[in-house]
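Protein chains: 6
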Amino acid sequence: MQISNAQRASILVSALPYIQNYYGKIIVIKYGGSAMINEQLKDSVMRDIVLLSLIGVKVVLVHGGGPEITEMLKQVGKESKFIDGLRVTDKETVEIVQMVLCGKINKNLVNLIQNKDGKAIGLSGVDGHMIKARMKDERLGYVGEITQINTKPILDVLEKGYIPVISTIGCDDEGNVYNINADTAAAELAAGLNAESLFLMTDISGILRDKDDPSSLISKITYKQAFALKEEGIISGGMIPKVECCISALEGGVKKAFIVDGRIPHALLIETLTDEGIGTMFTGEE
Amino acid sequence: MQISNAQRASILVSALPYIQNYYGKIIVIKYGGSAMINEQLKDSVMRDIVLLSLIGVKVVLVHGGGPEITEMLKQVGKESKFIDGLRVTDKETVEIVQMVLCGKINKNLVNLIQNKDGKAIGLSGVDGHMIKARMKDERLGYVGEITQINTKPILDVLEKGYIPVISTIGCDDEGNVYNINADTAAAELAAGLNAESLFLMTDISGILRDKDDPSSLISKITYKQAFALKEEGIISGGMIPKVECCISALEGGVKKAFIVDGRIPHALLIETLTDEGIGTMFTGEE
Amino acid sequence: MQISNAQRASILVSALPYIQNYYGKIIVIKYGGSAMINEQLKDSVMRDIVLLSLIGVKVVLVHGGGPEITEMLKQVGKESKFIDGLRVTDKETVEIVQMVLCGKINKNLVNLIQNKDGKAIGLSGVDGHMIKARMKDERLGYVGEITQINTKPILDVLEKGYIPVISTIGCDDEGNVYNINADTAAAELAAGLNAESLFLMTDISGILRDKDDPSSLISKITYKQAFALKEEGIISGGMIPKVECCISALEGGVKKAFIVDGRIPHALLIETLTDEGIGTMFTGEE
Amino acid sequence: MQISNAQRASILVSALPYIQNYYGKIIVIKYGGSAMINEQLKDSVMRDIVLLSLIGVKVVLVHGGGPEITEMLKQVGKESKFIDGLRVTDKETVEIVQMVLCGKINKNLVNLIQNKDGKAIGLSGVDGHMIKARMKDERLGYVGEITQINTKPILDVLEKGYIPVISTIGCDDEGNVYNINADTAAAELAAGLNAESLFLMTDISGILRDKDDPSSLISKITYKQAFALKEEGIISGGMIPKVECCISALEGGVKKAFIVDGRIPHALLIETLTDEGIGTMFTGEE
Amino acid sequence: MQISNAQRASILVSALPYIQNYYGKIIVIKYGGSAMINEQLKDSVMRDIVLLSLIGVKVVLVHGGGPEITEMLKQVGKESKFIDGLRVTDKETVEIVQMVLCGKINKNLVNLIQNKDGKAIGLSGVDGHMIKARMKDERLGYVGEITQINTKPILDVLEKGYIPVISTIGCDDEGNVYNINADTAAAELAAGLNAESLFLMTDISGILRDKDDPSSLISKITYKQAFALKEEGIISGGMIPKVECCISALEGGVKKAFIVDGRIPHALLIETLTDEGIGTMFTGEE
Amino acid sequence: MQISNAQRASILVSALPYIQNYYGKIIVIKYGGSAMINEQLKDSVMRDIVLLSLIGVKVVLVHGGGPEITEMLKQVGKESKFIDGLRVTDKETVEIVQMVLCGKINKNLVNLIQNKDGKAIGLSGVDGHMIKARMKDERLGYVGEITQINTKPILDVLEKGYIPVISTIGCDDEGNVYNINADTAAAELAAGLNAESLFLMTDISGILRDKDDPSSLISKITYKQAFALKEEGIISGGMIPKVECCISALEGGVKKAFIVDGRIPHALLIETLTDEGIGTMFTGEE
């Protein structure tokens, strides 16, 4: 289908109220899943982020990196122990985690953004001791829970006009480093930054009322309703922690939280700059 | 034709390099002709301007107002004298000109921009004595030629985040007010502001190699070539002063000048944010 | 009488404490009546304003324009309808009002100030949507009552070193424009700006205890006393709305309000920079 | 003679162009002679300075103190030696000089200004090592000639809104302090500050063509003409160093220099804010 | 004993936590006693102050000057009257006080700091009317008690990067000057500036539990304990006013107050940058 | 040996002129060799850096990481090919390089600085595209030579008060990443930043006139002399590239360059804050 330039212009104009709404506000994007593995999707997400940044949105990009960590552990021949099905993160493992997140994925994303004429600086929870953490469960080793968020380095970097790209490792005053769940960290950073919106990019369409029926997608939900659905068991499995992140972000003062399907090209732009809601939006009061 | 939101997003993204190119730069738009009379087109132009302003372009809007001045003169029963076919602008006439431009058209445009959630302040050549002028030809009365441009008030208003909307009357140190040709004023303001681009919105498609053949549109021309075409007589009639404005703006340091067909919806956006050139672009060297 | 330069210097020095008192503070001057019609008085008022501005007072000039509006309506042959003696302001009439106020009077005042080496920018309630309004009485048409004051554009213009000259038209979100009483607007702007003083320039000497006896002028009055006098009927006729403006300004936080006789040359300077009170000063508590 | 408030206002207004001319500019006043001894004159000069400061002139006050130094030396029983009629300034003497200038006169002037609601800070050539000097003639001891002017502390103090009051002692890198001629220091500070004007307050009317005929006062002179008059011997005696200061200030870039009769009340205001020239004004080219 | 550069470096490093603690904070140093008379000690104190200033501490230096005042009074042959053993400060005496403090001692200290490449400006309670005072006891004449502290001039001077050196004379609105006890003034200035620490440099080791036993030095004490010791009579004689200053400073919000033995070289640095406490430190709660 | 606190204070004071000299200036430290492997030395270097940063030096830390890269390559079983004795850096290898430098070493250093209460942010040549590079020799793969230095991100981070810690990978516009020699990068960054000094921390004492005689250390040398020594063959082997870096830094405008023995504790502080030169200092002209 051929779209004329006049139509293009008209589409740009129709984005106007959405741009006005987000202008000058902070949004936190948790980037992960398929959108991070598929090269074409990755490219498209970075382009979306540069666009959002250019039209005045203050984008903070938080990334995960599970698969690449697993791959690296395998490469160095590190065997993982498990307790109750959870991987034990010993000193050596957390070092690999740090290296892959901060050294590989983070810099690759920064590089992609820069190559699209965006401006980015990569940070981690260690830089400016932005994410302070402690051991969650001694048996699991260096898996951290956040004790304190220091948003100053992020705000400094935003003020200077860069998109901060953040690896979610945490640290304590003794020099230990912890692996922090990226969804949780994104939610806490969004709350600490008083963000307008939190976007969790996932590999699912959003919350389904019937998990086998894609047409049962819930487009909009208050966090109280979400809490109720969880109690009822409708939200279950891997969806639970995602939903909990959205709820805690909203409780922390974030205006809106989204579970977005990262497999859809330009999912971020569609959610932010059009009237279509392709995932599930969590809000405060109705 | 139905355009999906995914397509919309992809179109937004394709505007990215154009946005990057204009980011933080000043463009001067001379607004007039049909685009100013037709209510729907007017609405569309104002929307385009708010969008450009929002994505970081510093828009300066210069307007004319011939038809409304003529209409008002008729209403107050003022008969015009003519010398060699040119209207004599006596004291009474220039007062009407000032009133219609600064009081009617200017404030209406400001109001339209504000109602689209843009921020605008209306100015005239009198405010901050921005446009100093003198009589061009004593027989014609208060028709002015510019003697000095003071861009400070425009830059002050831009810095505070407003779109300056400018009525092109001029003034001198004795308290006289002059009617200034809006195209000429726009070109001199663009030069004084060191603008990236000047857009003259007109009721023609651009420069045609054969004035009866719309397909002979010249999309891109250097100002030296334009000068040559004028010598050859290919540029003629009402087109001459428009082309001269573009040439003088480029000589004054403006990077690009455009003659744009204001009758085409979103002509401004198409010129600035897409790869299509719908009018004639004047550049410096090839 | 010959005044020596030594006496002149001594007079300048005697203004010192008054200058110190007003330094850096905002005063709102409602300018109208004879002082606006008589060319010599107009010139003298503008000179006073430039002087006040130069010695560090932040002057905001609000003007009316009744007689010139009436004159223009007559010129265009617009007949006015009246309901209960009040003029009906239809769409066409409010357009004339806007044009005369913003296009003629406003720019003329700006021009006068600039020609006295002051710096001025003309604004209206439409610029930056500074004065939001709604219809007061449907039968009267576009006569507005203020719903919201946005002082940001005025403060922006003051900060950049200009004297803002303000036409009191109002606007709403639908694009309508309203005629707003200039006294009322000046009082609300003064309150919104947290002004030190409001000056209403009129054609009377101030409040007289006996309206036929000029020697019964009340020089100083608290707004509670003024309210009482109104109840007693001593303040009556055209004086009532003026007094109500002063009272509402003081209730809104303005420190002092003055009814000043604009027919007296330099009335403003006499009130601000000497110990003589030539009109009536309204204060808060005694 | 009774002067009405209307006349007062009109006089204030007539000062307008002079105020506009000096607005935001630096003037250096060398204060000394009778105007510093007579309490009433001193009071009047300080009041003039506060007024000038309030209307936007950046006043720098440089003072001398010969008579009070002589008085103090007498009090402590210090006998002065003389070489060729010039007083030898030994270590003990320069300590008394420093003490009287910086401790007595300077702080008294600061106190007077503050008591007139001006804001002042007293400085000396030692503060921020503003005036660097070396011995002029070994036989005369600690009489200094200026080697370097550092205007930063003066500009810092002006920027913070204070009137700097300056004692003209100098210093070197070894900790020595020197007595510096106040006229000379004022001229060099004025040049270093790129001042608009230098005012030397003296006990004479200005330069007289015939020193016995007060009516032969030269009101205006170029510094080249002054140089010529000196060669001719018309400028002679104590007048020579004053005139040389004016010449060197103008050579250093100061726009105008004045020899003003400090015995005339408000001489400073008369020179700056009226059209009367009561002393002699030195200018660059004619 | 030879100290290697490696040891020097290691000593610099060991000062790190102390530097971090004082970085960007204000400390007020009351300078007097032997440390001000002995040239070598004076030199060493000034060097310490430049160092503290350079590593980011905002030093405010307050000085006394008893001995030099007494010496000057003797020199000018001024005999002092005494009432109940207290010296009567008549007009003539307070003039000498002002002259010696502001003119001699203050500028000498400023000069010393500048010669060590520090930046200093001398101030007094008169500059910017920083210390307002009134007569304490009519019989004693111009001995002042502080009525108001205005810290603005000190903060202005600090902001511009200078070390303010302060002479503790006070003033009132009638132009009178008062001699103010330097310890008291330092304590009130410290409180007004919300200082981190106040240092009183004295000629004693600190508070001794047994005044004849140097080994009974109290290193650290809360101000409540100090108050109790005073009640018990353990703090007595000349020590009482010093202790009272420390107590009042702490009550006014200062974090720590020190009585430091100025006879020990680098006493200030030892107290601020090492773990040794060589005098008595007063703190709030234990 | 026991060092008293008085001695400590005196040592701090003796560092004063050195602190004054470096205050506010940029120094670039290339950190590597033994000082980076030995935990105790590493700790000591980080402490030195925090101290330098605290006393107003703007420290930029550039690190290498050869041994850890080799170790990691071994761990992942990556065998290296060699051409003429030089390791071929294929895509996979440069990814490991990036990961180890940016993810492991960089963040560990940042963490160490933060744990000493310094403030640090880790950057790489990719962040803000700070180091642009191209392939040096196609046979060697992704070994880069610098084509462009962009110091903006470093200056931004310094301005916000952080110590930038920099991994020397480079990038191009196609998304490729290159391994850049850390010494070379440090020298070019120092030149680009107009640094006061460049410090190359190595495992040798400096330049020896006779490489087997430690007592033949050359403490100070101009870069012209260094160039001559190289020609003579006295500078040879691994020393050559280090010396070339120093020479090119000086040619690029750096004031002084140092080859410092990182095995000596506090070598940095000894070079910067004492009069001892423990390595070789390169200067411009003699």
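Protein chains in written order, with the numbering used here: chain Y, 1 to 286; chain C, 287 to 572; chain Z, 573 to 858; chain R, 859 to 1144; chain B, 1145 to 1430; chain P, 1431 to 1716.
Each residue gets a CB set at the ideal place from its N, CA and C atoms; glycine is no exception.
* To do: Would you give the residue range spanned by the beta strand (DSSP E) that A406 of chain C belongs to?
  => 406–410
* Asked: Counting along the chain, where does the alpha helix (DSSP H) carrying T470 of chain C start and finish?
  -> 468–478
* First through last residue of the alpha helix (DSSP H) which encompasses M773 of chain Z -> Counting along the chain, M773 of chain Z falls outside any alpha helix (DSSP H), though it belongs to the beta strand (DSSP E) covering 769–774.
* To do: Pull up the distance between the alpha-carbon of S938 of chain R and that of K994 of chain R, whole angstroms please.
  => 18 Å
* What do you reckon, are the CB atoms on L959 of chain R and G935 of chain R nearer than 7 Å? -> no
* Asked: If contact means a Cβ-Cβ distance below 9 Å, which residues of the segment 1193–1208 of chain B contact chain P?
  -> V1194, L1195, L1198, I1199, G1200
* Looking at C-beta atoms only, is the number of pairs between the segment 1289–1297 of chain B and the segment 1224–1243 of chain B that lie closer than 8 Å three or more? -> no
* **Residues within the segment 447–461 of chain C neighbouring chain Z, beta-carbon criterion of under 7 Å** => Y448, C457, D459, G461
* Asked: Under a CB-based cut-off of 7 Å, is Q1146 of chain B close to chain P?
  -> no
* Asked: So what does DSSP say about Q1369 of chain B, is it helix, strand or coil?
  -> helix
* Asked: When the Cα atoms are used, what is the spatial distance from K1686 of chain P to I533 of chain C?
  -> 53 Å
* For the alpha helix (DSSP H) holding M894 of chain R, just list the boundary residues, first then last. => 892–895
* Take the Cβ of R333 of chain C as the centre, count every other Cβ of all protein chains shown within 10 Å, and call the residue buried at 16 or more, exposed below. => buried
* To do: Under 9 Å between beta-carbons, which chain P residues line up against V177 of chain Y? List them in chain order, please.
  => K1537, N1538, N1541
* To do: Tell me, please, whether the CB atom of D442 of chain C is closer than 7 Å to any CB atom in chain A?
  => In summary, chain A is missing from the structure at hand, where the protein chains are Y, C, Z, R, B and P.
* Asked: Going along chain Y, which residues have a C-beta under 8 Å from V299 of chain C?
  -> S44, R47, D48, L51, H266, L269
* Quick one: using the 10 Å Cβ neighbour count with 16 as the cut-off for buried, is A228 of chain Y buried or exposed? => exposed
* To do: Determine, using beta carbons only, whether Y1453 of chain P and L1703 of chain P come nearer to each other than 7 Å.
  => no
* Could one say the Cβ of V8 of chain Y lies closer than 7 Å to chain C's Cβ atoms, at least one of them? -> Looking at the sequence itself, residue 8 of chain Y is Arg, so the reference to Val does not match. So, interface residue.
* Asked: At a Cβ threshold of 7 Å, is T1132 of chain R touching chain Z?
  -> yes
* Mind listing which residues of the segment 875–904 of chain R have their C-beta closer than 7 Å to chain B's C-betas, in chain order? -> none
* Which one or two residues does DSSP pair with V672 of chain Z in a beta bridge? -> DSSP output for V672 of chain Z lists no bridge partner at all.
* Asked: Quick one, are the C-beta atoms of Q114 of chain Y and H1696 of chain P less than 7 Å apart?
  -> no
* Going by C-alpha distance, which of Y:I131, Y:D210, Y:G206, Y:I180 is nearest D173 of chain Y? -> Y:I131
* **Cβ neighbour criterion (16 or more within 10 Å) applied to L1302 of chain B** => buried
* Asked: Among Z:D755, Z:V629, Z:R659, Z:I793, which has the Cα closest to the Cα of T642 of chain Z?
  -> Z:R659
* Asked: Does G689 of chain Z have its Cβ less than 7 Å from a Cβ in chain R?
  -> The sequence shown places Asp at residue 689 of chain Z, not Gly. Chain R contact via Cβ: present.
* To do: Determine contact between the segment 954–968 of chain R and the segment 1057–1065 of chain R, defined as no fewer than three beta-carbon pairs at a distance below 8 Å.
  => no
* For Y1268 of chain B, is the classification buried or exposed, using 16 other Cβ atoms within 10 angstroms of its Cβ as the cut-off for buried? -> Note that residue 1268 of chain B corresponds to Ser in the displayed sequence, not to Tyr. Counting Cβ neighbours within 10 Å, S1268 of chain B comes out buried, since at least 16 surround it.
* Asked: What residue ranges within the segment 1482–1535 of chain P form continuous alpha helix (DSSP H) runs of no fewer than 4 residues, ordered along the chain?
  -> 1496–1505, 1521–1528
* In whole angstroms, what separates the C-alpha of C1264 of chain B from that of S1197 of chain B? -> The residue you asked about is not Cys; residue 1264 of chain B is Ala in the sequence shown. Looking at the two C-alpha atoms, the distance is approximately 10 Å.
* Are I599 of chain Z and E816 of chain Z touching if we call contact CB-CB under 7 Å? -> no
* Contact check, V1540 of chain P vs V1595 of chain P, beta carbons under 7 Å -> yes
* To do: Kindly say whether Q1242 of chain B, judged by its beta-carbon, lies nearer than 7 Å to any beta-carbon of chain R.
  => yes
* To do: Kindly provide the ranges of any alpha helix (DSSP H) runs that are 4 or more residues long and lie completely inside the segment 1070–1137 of chain R, ordered along the chain.
  => 1081–1090, 1097–1109, 1125–1131
* Which of the three DSSP states, helix, strand or coil, is assigned to N150 of chain Y? -> coil
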